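Protein chains: 2
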Amino acid sequence: MSVTAPAGFVAAGMACGIKPGGVPDLALLATEDGHPVPAAAVFTANRAPAAPVQVSRANLVTTGGRAAAVVVSSGNANAATGRPGLQVAKGMCDLAAGHLGCARDEVLVASTGLIGIPLPFEPLQTGIPRLVASRAPGAKAARAAAQAMMTTDTAIKQTLVEGPSFSVGGMAKGAAMLAPDLATMLAVLTTDADVSPADLHEALLGAVRDSFNSLSVDGCCSTNDTVVILASGRAGAAATGLGLMQAVGAACADLAEQMAVDAEGATRRVRVRVSGAATTDDAHRAARKVAESALVQCSMYGSDPYWGRVVSELGSAGVAFDPDRVRVAYGGIDVCRGGVACAHDTEAIATHLRGMVVELTADLGLAEGTAEMLTTDLGPGYISENMRTS
Amino acid sequence: MSVTAPAGFVAAGMACGIKPGGVPDLALLATEDGHPVPAAAVFTANRAPAAPVQVSRANLVTTGGRAAAVVVSSGNANAATGRPGLQVAKGMCDLAAGHLGCARDEVLVASTGLIGIPLPFEPLQTGIPRLVASRAPGAKAARAAAQAMMTTDTAIKQTLVEGPSFSVGGMAKGAAMLAPDLATMLAVLTTDADVSPADLHEALLGAVRDSFNSLSVDGCCSTNDTVVILASGRAGAAATGLGLMQAVGAACADLAEQMAVDAEGATRRVRVRVSGAATTDDAHRAARKVAESALVQCSMYGSDPYWGRVVSELGSAGVAFDPDRVRVAYGGIDVCRGGVACAHDTEAIATHLRGMVVELTADLGLAEGTAEMLTTDLGPGYISENMRTS
Numbered sequence: 001m002s003v004t005a006p007a008g009f010v011a012a013g014m015a016c017g018i019k020p021g022g023v024p025d026l027a028l029l030a031t032e033d034g035h036p037v038p039a040a041a042v043f044t045a046n047r048a049p050a051a052p053v054q055v056s057r058a059n060l061v062t063t064g065g066r067a068a069a070v071v072v073s074s075g076n077a078n079a080a081t082g083r084p085g086l087q088v089a090k091g092m093c094d095l096a097a098g099h100l101g102c103a104r105d106e107v108l109v110a111s112t113g114l115i116g117i118p119l120p121f122e123p124l125q126t127g128i129p130r131l132v133a134s135r136a137p138g139a140k141a142a143r144a145a146a147q148a149m150m151t152t153d154t155a156i157k158q159t160l161v162e163g164p165s166f167s168v169g170g171m172a173k174g175a176a177m178l179a180p181d182l183a184t185m186l187a188v189l190t191t192d193a194d195v196s197p198a199d200l201h202e203a204l205l206g207a208v209r210d211s212f213n214s215l216s217v218d219g220c221c222s223t224n225d226t227v228v229i230l231a232s233g234r235a236g237a238a239a240t241g242l243g244l245m246q247a248v249g250a251a252c253a254d255l256a257e258q259m260a261v262d263a264e265g266a267t268r269r270v271r272v273r274v275s276g277a278a279t280t281d282d283a284h285r286a287a288r289k290v291a292e293s294a295l296v297q298c299s300m301y302g303s304d305p306y307w308g309r310v311v312s313e314l315g316s317a318g319v320a321f322d323p324d325r326v327r328v329a330y331g332g333i334d335v336c337r338g339g340v341a342c343a344h345d346t347e348a349i350a351t352h353l354r355g356m357v358v359e360l361t362a363d364l365g366l367a368e369g370t371a372e373m374l375t376t377d378l379g380p381g382y383i384s385e386n387m388r389t390s
Numbered sequence: 001m002s003v004t005a006p007a008g009f010v011a012a013g014m015a016c017g018i019k020p021g022g023v024p025d026l027a028l029l030a031t032e033d034g035h036p037v038p039a040a041a042v043f044t045a046n047r048a049p050a051a052p053v054q055v056s057r058a059n060l061v062t063t064g065g066r067a068a069a070v071v072v073s074s075g076n077a078n079a080a081t082g083r084p085g086l087q088v089a090k091g092m093c094d095l096a097a098g099h100l101g102c103a104r105d106e107v108l109v110a111s112t113g114l115i116g117i118p119l120p121f122e123p124l125q126t127g128i129p130r131l132v133a134s135r136a137p138g139a140k141a142a143r144a145a146a147q148a149m150m151t152t153d154t155a156i157k158q159t160l161v162e163g164p165s166f167s168v169g170g171m172a173k174g175a176a177m178l179a180p181d182l183a184t185m186l187a188v189l190t191t192d193a194d195v196s197p198a199d200l201h202e203a204l205l206g207a208v209r210d211s212f213n214s215l216s217v218d219g220c221c222s223t224n225d226t227v228v229i230l231a232s233g234r235a236g237a238a239a240t241g242l243g244l245m246q247a248v249g250a251a252c253a254d255l256a257e258q259m260a261v262d263a264e265g266a267t268r269r270v271r272v273r274v275s276g277a278a279t280t281d282d283a284h285r286a287a288r289k290v291a292e293s294a295l296v297q298c299s300m301y302g303s304d305p306y307w308g309r310v311v312s313e314l315g316s317a318g319v320a321f322d323p324d325r326v327r328v329a330y331g332g333i334d335v336c337r338g339g340v341a342c343a344h345d346t347e348a349i350a351t352h353l354r355g356m357v358v359e360l361t362a363d364l365g366l367a368e369g370t371a372e373m374l375t376t377d378l379g380p381g382y383i384s385e386n387m388r389t390s
């Protein structure tokens with residue numbers, strides 16, 4: 001169950017010819033009646049945003065945070081494609097709006113794939129009308145849509161979170177920044193909660209901060225990253241801010257976890273927890289520095305309990321740090337206390353480090369700041385996935 | 001010719017038993033007569049500095065920038081070793097000073113190797129007296145010293161730069177941040193220029209900024225990085241500031257280049273040049289972001305001309321950026337102009353990307369800021385070198 005589980009939504013997925021060989025490459029999420037509903041989105045912070053990011057951002061401003069549909073294409077990012085790329089992205093909105101019966105500004109678009117290659121309009125021109133015509137409620141249509149978003153993903157990513165009086169559904173593709181040439185992170189969420197565009201936006205911001213923005217594999221930030229949510233209001237009762245943020249956050253966290261599981265070349269996930277930092281901001285920075293360290297990630301691939309690298313990364317994270325107070329643990333077992341090695345059960349550590357999920361904890365011993373990052377190990381698979389685009 | 005080429009210096013290198021199997025692990029650079037001369041050093045910015053870094057930094061403050069010798073040990077970093085580690089580092093100074101006939105504060109120390117493992121004092125206690133006794137002028141002693149600094153290095157790194165009226169010699173180990181578990185970057189430089197401690201420090205700072213600090217392979221910053229220079233003054237004529245900085249800079253750049261050549265797992269060097277940035281600072285930041293991008297580095301390993309990743313990294317570097325103005329070139333051949341693909345000689349690009357040195361240029365088209373970074377490609381060798389420490 002996914003984006004069509006909350007009441008009021010339909011979906012579709014199909015192949016239109018952007019990818020060769022009839023591989024699905026075009027997805028739709030729309031309101032059942034084609035009418036716009038409150039919508040919010042978070043886009044990449046990259047200063048070279050792809051054409052669909054520029055168009056969707058502008059559309060949400062124009063409509064004051066309302067949308068009737070999201071069209072996603074995969075196989076070509078429509079990024080670094082200049083003015084012609086903008087025309088294609090706008091054309092996608094026009095086509096979908098025409099067949100859905102809404103205004104063009106009420107359609108959001110997202111694309112994922114290679115950067116710098118013109119996205120041909122022909123496949124979209126014939127594909128989008130068929131895509132809209134095939135939209136349907138139910139799990140099968142949702143699954144087709146989620147599948148059509150995939151690039152290097154090896155598994156479909158869907159989620160459903162039941163709130164107190166509403167639900168949140170979602171589908172996503174990509175592996176955050178795992179293999180960004182083909183791996184923009186896209187997520188489309190739905191809810192039947194009754195919520196204003198402003199409250200929806202606030203809930204999404206909080207949810208993304210604690211999920212997708214805490215997932216990092218190689219520190220790269222795509223030109224196309226997009227997370228969008230539409231709220232049908234069908235559940236009636238007004239959603240409280242906190243409840244909605246929690247439910248959307250749980251949906252995003254589930255999708256982020258699925259992305260880490262599916263990271264190309266990765267053999268295990270690593271949950272980096274920093275505590276005892278001087279501030280929450282310091283904790284976030286330190287956790288990110290450790291999580292994005294190629295050396296720490298290589299250690300995790302080799303199941304090597306070499307905590308010296310962790311201390312070295314913490315020391316160069318640019319945060320308040322006292323080497324004599326740091327404590328490092330794997331799987332809850334201390335390997336370093338007071339900045340120096342401490343006796344530990346090496347067998348238990350070795351077993352933990354060979355598992356699918358490694359818990360790496362660093363306590364800075366200064367104050368109460370805590371943060372968490374989800375990353376993966378770095379193995380030869382990452383290189384073979386990323387050394388060539390074709 | 002290396003650290004003993006400038007007049008007034010002797011060197012030594014030997015095995016003392018820190019490393020198993022009689023592999024050289026102890027090096028000395030000293031003034032010929034054991035008297036202190038002007039000295040300067042640049043240390044790691046890591047907030048968990050190793051014991052020898054703490055001791056050497058304090059010694060230079062105590063002496064007001066004078067030193068008679070540098071003792072380098074390899075095989076154990078003496079980092080994250082607490083108070084006992086500090087005692088060992090101080091003991092190294094005491095021993096060398098006693099046998100050289102200088103004050104203990106006039107000896108600087110540096111160590112490289114694994115973090116978090118106590119450095120035993122016994123091998124040093126018997127080794128340092130023998131090391132001092134074997135010191136000698138000439139190329140053979142310099143070579144032995146350079147060899148004893150090595151860890152994962154596959155080649156000895158030495159340099160000699162002739163200034164207008166003086167010379168600068170140097171030896172180094174490591175690969176900057178290439179394989180930091182064993183690969184602290186250490187460099188010991190000498191000059192016979194007659195210069196004050198303050199001028200020497202200024203010359204070294206400028207030289208390091210444009211060489212070692214512009215070399216980055218994985219963005220990691222060691223607990224032990226140390227660059228030190230001693231000036232015997234034997235060349236007589238007072239060195240002008242600029243001439244000395246240039247000569248020291250050339251020596252550092254040569255050693256940095258040798259480190260990149262020797263980077264484990266790397267198959268080629270990549271020189272990243274950013275021009276047209278709004279400021280010099282922006283140019284440095286953008287060049288570093290591209291050079292440290294695992295994705296760009298993977299592309300370089302695969303000889304893949306995928307410039308989209310370069311634009312994406314520039315866009316997320318946090319600098320002033322207009323995607324419609326960016327130009328990207330490999331080997332001087334434009335592949336992207338005005339932010340979009342441009343026609344180019346694909347054969348010529350392919351040939352360039354298969355070479356040992358790739359020239360990657362990005363012009364931001366905004367103003368006059370320029371900067372350069374030296375990095376390597378990222379291949380499976382990096383992972384096999386770094387996945388396990390033992």
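Protein sequences appear in the order of chains A and B.
In this text, residue positions in the first sequence follow this note's numbering: the first is 1, and each later residue adds one.
In this text, residue positions in the second sequence follow this note's numbering: the first is 1, and each later residue adds one.
A virtual CB, placed ideally from N, CA and C, is assigned to each residue, including glycine.
Bear in mind that the values here come from a model prediction, so they are computed numbers and not experimental data.
Lys289 (chain A) in three-state terms, based on DSSP: Counting from one through the first sequence, the residue named residue 289 (chain A) turns up at place 289. In the three-state reduction of the DSSP assignment, Lys289 (chain A) falls in the helix class.
Whole-angstrom distance between Ala320 (chain A) and Asp282 (chain A), CA atom to CA atom: Start at 1 with the first residue of the first sequence, and residue 282 (chain A) comes out as number 282. Start at 1 with the first residue of the first sequence, and residue 320 (chain A) comes out as number 320. Roughly 7 angstroms separates the two Cα atoms.
With 16 other Cβ atoms within 10 Å as the buried cut-off, status of Pro24 (chain B): One-based indexing of the second sequence puts residue 24 (chain B) at position 24. With 16 or more other Cβ atoms within 10 Å, it is buried.
Closest by C-alpha distance to Gly75 (chain A), when choosing among A:Asp105, A:Ala68, A:Leu119: The residue given as residue 75 (chain A) occupies position 75 in the first sequence. Nearest of A:Asp105, A:Ala68, A:Leu119 to Gly75 (chain A), Cα basis: A:Leu119.
Exposed unless 16 or more other CB atoms sit within 10 angstroms - verdict on Leu37 (chain A): Numbered from its first residue, the first sequence carries residue 37 (chain A) at position 37. Before going on, a small fix: residue 37 (chain A) reads as Val here, not Leu. So Val37 (chain A) counts as buried.
DSSP three-state assignment for Tyr301 (chain B), whether helix, strand or coil: To locate residue 301 (chain B), count along the second sequence from 1; it is residue 301. If DSSP states are grouped into helix, strand and coil, Tyr301 (chain B) belongs with the helices.
For Arg209 (chain A), three-class secondary structure by DSSP: Numbered from its first residue, the first sequence carries residue 209 (chain A) at position 209. It is helical.
Exposure of Gly127 (chain A), with buried meaning 16 or more beta-carbon neighbours within 10 Å: For this step, residue 127 (chain A) is matched to residue 127 along the first sequence. Answer is buried; the Cβ neighbour count reaches 16.
Contact set between Met387 (chain A) and chain B, taken where Cβ atoms lie within less than 8 angstroms: Within the first sequence, residue 387 (chain A) is the residue found at index 387, counting from 1. Within chain B, the residues placing a beta-carbon under 8 angstroms from that of Met387 (chain A) are Cys298, Ser299, Tyr301, Gly302, Asp304, Gly379, ordered along the chain.
Residues bridged to Glu162 (chain B) [DSSP beta-bridge criterion]: Position 162 of the second sequence, counting from 1, holds the residue named residue 162 (chain B). DSSP lists B:Ser167 as partners of Glu162 (chain B).
Sheet register partners of Leu374 (chain A) (DSSP bridge): Translated into positions along the first sequence, residue 374 (chain A) becomes position 374. Secondary-structure assignment with DSSP links Leu374 (chain A) through a beta bridge to A:Leu215, A:Arg271.
Leu353 (chain A) beta carbon less than 8 angstroms from that of Tyr382 (chain A): In the first sequence, residue 382 (chain A) corresponds to position 382, counting from 1. In the first sequence, residue 353 (chain A) corresponds to position 353, counting from 1. In this structure, Tyr382 (chain A) lies away from Leu353 (chain A), with their beta-carbon atoms at least 8 angstroms apart.
Helix, strand or coil at Gly34 (chain A) [DSSP, three-state]: Residue 34 (chain A) sits at position 34 when you count from the first residue of the first sequence. Note: Gly34 (chain A) maps to coil in three-state DSSP.
Segment contact flag, the segment 343 to 350 of chain B with the segment 284 to 297 of chain B, C-beta cutoff 8 angstroms, min 3 pairs: Two segments are said to touch when three or more pairs of C-beta atoms, one from each, lie closer than 8 angstroms; by this definition the segment 343 to 350 of chain B does not touch the segment 284 to 297 of chain B.
Top-ranked residue by Cα proximity to Gly332 (chain A), from A:Thr226, A:Asn213, A:Glu359: Against the first sequence, residue 332 (chain A) aligns to sequence position 332. Nearest option by C-alpha distance: A:Glu359.
Option nearest Asp225 (chain B) by Cα separation, candidates B:Asn213, B:Leu131, B:Arg309: As a working mapping, residue 225 (chain B) is identified with position 225 in the second sequence. For Asp225 (chain B), the nearest C-alpha among the options comes from B:Asn213.
Best match in A:Val61, A:Ile18, A:Leu86, A:Val132 for proximity to Thr31 (chain A) [C-alpha to C-alpha]: For this step, residue 31 (chain A) is matched to residue 31 along the first sequence. Residue A:Val132 is the option with its Cα nearest to Thr31 (chain A).
CB of Asp192 (chain B) within 8 angstroms of CB of Gly8 (chain B), strictly: Within the second sequence, numbered from 1, the residue matching residue 192 (chain B) stands at position 192. Within the second sequence, numbered from 1, the residue matching residue 8 (chain B) stands at position 8. Yes, the Cβ-Cβ distance between Asp192 (chain B) and Gly8 (chain B) is below 8 angstroms.
Sequence-distant residues of its chain with Cβ nearer than 6 angstroms to Trp307 (chain B) (five each side left out): Position 307 of the second sequence, counting from 1, holds the residue named residue 307 (chain B). Closer than 6 angstroms at Cβ, skipping near neighbours: Val328, Val335, Cys336.
Beta-carbon proximity of Val71 (chain B) to Leu28 (chain B), cut-off 8 angstroms: Position 71 of the second sequence, counting from 1, holds the residue named residue 71 (chain B). Position 28 of the second sequence, counting from 1, holds the residue named residue 28 (chain B). With respect to Leu28 (chain B), Val71 (chain B) sits close: the two C-beta atoms are nearer than 8 angstroms.
Burial state of Ala155 (chain B), where buried means 16 or more other Cβ atoms lie within 10 Å: Position 155 of the second sequence, counted from the start, is the residue given in the question as residue 155 (chain B). Answer is exposed; the Cβ neighbour count stays below 16.
Span of the alpha helix (DSSP H) around Ser73 (chain B): Position 73 of the second sequence, counting from 1, holds the residue named residue 73 (chain B). Run containing Ser73 (chain B): none in the alpha helix (DSSP H); it sits in the beta strand (DSSP E), 69 to 76.
Candidates B:Asp324, B:Ser196, B:Asp105, of which the one nearest Val61 (chain B) by Cα: Reading the second sequence from its first residue, position 61 is the one you call residue 61 (chain B). Out of B:Asp324, B:Ser196, B:Asp105, B:Asp105 has the C-alpha closest to the C-alpha of Val61 (chain B).
Residue environment, Val10 (chain A), which counts as buried when at least 16 other CB atoms sit within 10 Å: In the first sequence, counting from the first residue as 1, residue 10 (chain A) sits at position 10. Counting the other CB atoms within 10 Å of its CB gives Val10 (chain A) a total of 16 or more, which places it among the buried residues.
Exposed unless 16 or more other CB atoms sit within 10 angstroms - verdict on Leu242 (chain B): Counted from its first residue, the second sequence places residue 242 (chain B) at position 242. It counts as exposed.
CB-CB length for Val261 (chain A) against Arg273 (chain A), believed under 8 angstroms: For the purposes of this step, residue 261 (chain A) is taken as residue 261 along the first sequence, with counting starting at 1. For the purposes of this step, residue 273 (chain A) is taken as residue 273 along the first sequence, with counting starting at 1. Taking C-beta atoms under 8 angstroms as the contact rule, Val261 (chain A) and Arg273 (chain A) fail to qualify, at a distance of about 19 angstroms.
Rounded straight-line distance, which links the Cα of Val168 (chain A) to that of Gly138 (chain A): Translated into positions along the first sequence, residue 138 (chain A) becomes position 138. Translated into positions along the first sequence, residue 168 (chain A) becomes position 168. Roughly 15 angstroms between the two C-alpha positions.
Collapsed DSSP secondary structure at Val107 (chain A) in the structure displayed: The sequence position of residue 107 (chain A) within the first sequence is 107, counting from 1. Note: Val107 (chain A) maps to strand in three-state DSSP.
Close-in-space but distant-in-sequence residues of the same chain around His284 (chain B) (CB under 7 angstroms, 5 per side omitted): Within the second sequence, numbered from 1, the residue matching residue 284 (chain B) stands at position 284. The answer, listed in chain order, is Ala371.
Cross-chain neighbours of Asn46 (chain B) in chain A, by beta carbon under 8 angstroms: For the purposes of this step, residue 46 (chain B) is taken as the residue at position 46 of the second sequence. Residues of chain A passing the Cβ test: Ser312, Gly315, Ser316.
Inter-residue spacing [alpha-carbon to alpha-carbon] between Ala287 (chain B) and Ala263 (chain A): Your numbering for residue 287 (chain B) matches position 287 in the second sequence. Your numbering for residue 263 (chain A) matches position 263 in the first sequence. If you take the alpha carbons of Ala287 (chain B) and Ala263 (chain A), they lie about 27 angstroms apart.
Span of the beta strand (DSSP E) around Asp363 (chain A): Within the first sequence, numbered from 1, the residue matching residue 363 (chain A) stands at position 363. That run of the beta strand (DSSP E) goes 357 to 363.
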